[in-house]
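Heads up, the sequence shown is in this note's numbering, so the first residue is 91 and it goes up one at a time.
Report on one structure; see the data block that follows.
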Amino acid sequence: CEDSGAVMFAALVQENLGFVHSRRGDVPQALRHLSAAEKEYRAIDAPVDSVLVDRSELLLSVCLVGEARAEAARAVAEMQHRHQRLSLPEARLLLARAALLDGDPAAAATQAALAARELRRQRRQRWVPLAQLALLTARAADERLGQVTPRRFARVAAELGAAGWPDAALEAAVDAGRLALRRGNPAEAVGYLTQAARHRNRGPATRRARSWYAEALRRHAGADARGARTAIAAGLRVLEEGHQLAVGRD
């Protein structure tokens, strides 16, 4: 029993070191620590789902999409095997995101729909709009999977904002604008994109940059090519400044 406790402690240390190195951008070192943590956990038959999720998110951050998808699928399988139902919907949402980036919207839609169902069953209403957004995004990528409209994206954006997910709300508003543009409705798109562009000067760097992207799309919809290029340049500057600040803190 004491030996198991020591192994568990060692595994937790390795997992935390993986997190620290991932925040610093040292992906190879982070992966080494996560692999060591998984080995320690498995030695005492402890759950490894948190390590698999961390590894999947880390791989996604460096665009290793296929590998990230495989790790997310392993996390889902691990949780199902151990009947860890509480965390399962979040792992499904991660798998949905990876599958969509891997060019498989049908698999993404399946996982998002399952996540939404499980979240409702758990009465975790705050999380349900995240699953709805994942499902809409998959359907927008392949509309044979189900009907999707810009207005539906906008409704989910409002639900996400009310539930306290500002970044996801911004993403949904941008998706509403992009879908309206794709369908040849620039006037409708401008309304959604104007809403999304309100965060250009406040919030985290990634949110401000995404908001500048919305502004670029809005200007493009209004046939303002020069203004769109200016907005894109502003968004890139925000990302660069955010990166420099992060490096300075480390």
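For each residue, glycine too, the CB sits at the ideal point set by N, CA and C.
Checklist entry - If you count every other CB in all the chains shown that lies within 10 Å of the CB of E330, and 16 or more means buried, which is it? => result exposed
Checklist entry - In three-state terms, what does DSSP make of D135? => result coil
Checklist entry - Does DSSP put V298 in a helix, in a strand, or in coil? => result In the sequence on display, residue 298 carries Arg and not Val. DSSP places R298 in helix when its eight states are reduced to three.
Checklist entry - What is the rounded straight-line gap between the Cα of A304 and the Cα of Y282? => result 9 Å
Checklist entry - Contact check, A162 vs A196 under 8 Å by CB: the rounded distance? => result Not quite, the Cβ-Cβ distance comes to about 16 Å (not below 8 Å), so this is no contact.
Item to check | Pair within 9 Å by beta-carbon distance, D139 and Q174 | outcome: yes
Checklist entry - Just reading off the alpha helix (DSSP H) that E180 is part of, what are its end residues? => result 178-191
Item to check | Sequence-distant residues of the same chain with beta carbon closer than 7 Å to G156, five excluded per side | outcome: D192
Item to check | For T239, the three-state DSSP class (helix, strand or coil) | outcome: coil
Checklist entry - Among residues of its own chain, excluding the 5 on either side of L225, which ones have a beta-carbon nearer than 7 Å to its beta-carbon? => result A199, A202, A203, A206
Checklist entry - Between A279 and L307, is the Cβ-Cβ spacing less than 9 Å? => result yes
Checklist entry - Distance, Cα to Cα, L235 vs R214? => result 25 Å
Next on the checklist: Give me the residue from P276, R273, A286 with the minimum Cα distance to A248.
Outcome noted: A286
Checklist entry - Should V103 be listed as close to the ligand NAD, given that the test is whether its C-beta is under 8 Å from any heavy atom? => result Of the ligands one can find in the structure shown there are none, so the ligand NAD has no counterpart to examine.
Checklist entry - Can you list, in chain order, the stretches of the alpha helix (DSSP H) that have 4 or more residues and sit fully within the segment 248-324? => result 256-272, 276-286, 295-311
Next on the checklist: Going by DSSP, what residue range makes up the alpha helix (DSSP H) through V155?
Outcome noted: 155-171
Next on the checklist: Can you list, in chain order, the residues of its chain with a C-beta nearer than 7 Å to that of T284? Leave out the 5 residues immediately preceding and following it.
Outcome noted: R308
Checklist entry - Is R288 buried or exposed, if buried means 16 or more other CB atoms sit within 10 Å of its CB? => result exposed
Item to check | Cβ-based burial, P294 [other Cβ within 10 Å; buried from 16] | outcome: exposed
Item to check | R207: first and last residue of the uninterrupted alpha helix (DSSP H) it sits in | outcome: 195-211
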